[in-house]
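Data first, discussion second: the structure below is written as structure tokens.
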Amino acid sequence: PCSARASVVQIFCAEMSTLAHLLVRADEPTRTVIHPYRKPVEDPMLDGQVLVHVSKLVVTANTLTYALAGKMPVLKYFQHFPIPKDAPDGLAMTPCWGTGVVIASKCPAVRVGARIHGYFPFSPTVVLT
């Protein structure tokens, strides 16, 4: 993984030619780390879950708040989405708001192709329950 001191938007846009997770250092959340995305080998979904392709992310003042308050015991923003299993220790996933498209579903109420607006990680895909 590479790291930089540029803004979150600059880093994420610069790396869009390859799929990646944008992680932050848990003890210094203004420092970001680009971590390579690896497609899961096995099906990551359980019954009732959906796999969402994160198509758009919105970086706002709330996003910065989530990062800066990520370790606060009451809020626990860094626990909302797990980091990749092969990511180095000390990193965290900052949530943000955005739009995604369901690409696989094991939930009868959610069809493949459905557009979802909500709370996502800075990752190409996410499994939601």
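According to the numbering used here, the sequence shown is numbered sequentially starting from 388.
For each residue, glycine too, the CB sits at the ideal point set by N, CA and C.
Keep in mind it's a predicted model, so treat the numbers as computed, not measured.
If I measure Cβ to Cβ from residue 468 and keep anything under 7 Å in the same chain, skipping five residues before and after, which residues do I get?
480, 482, 508, 513
Contact between the region 454–468 and the region 420–432 (3+ Cβ pairs under 8 Å):
no
Suppose the cutoff is 6 Å on Cβ atoms and the five residues either side in sequence are ignored; what does the same chain contact list for residue 405 look like?
none
Please report how far the alpha carbon of residue 516 lies from the alpha carbon of residue 433, in whole angstroms.
9 Å
Around the C-beta of residue 504, are 16 or more other C-beta atoms found within 10 angstroms, so that it is buried, or is it exposed?
exposed
Beta-carbon separation of residue 497 and residue 488 under 7 Å?
no
Can you give me the Cβ contacts of residue 471 inside the same chain, cut-off strictly under 7 Å, excluding the 5 residues immediately before and after it?
408, 422
Taking all protein chains shown into account, decide if residue 499 is buried (16 or more other Cβ within 10 angstroms of its Cβ) or exposed.
exposed
Can you tell me the Cβ-Cβ gap for residue 438 and residue 474, rounded? I've got them flagged as a contact below 8 Å.
Not a contact, Cβ separation roughly 19 Å.
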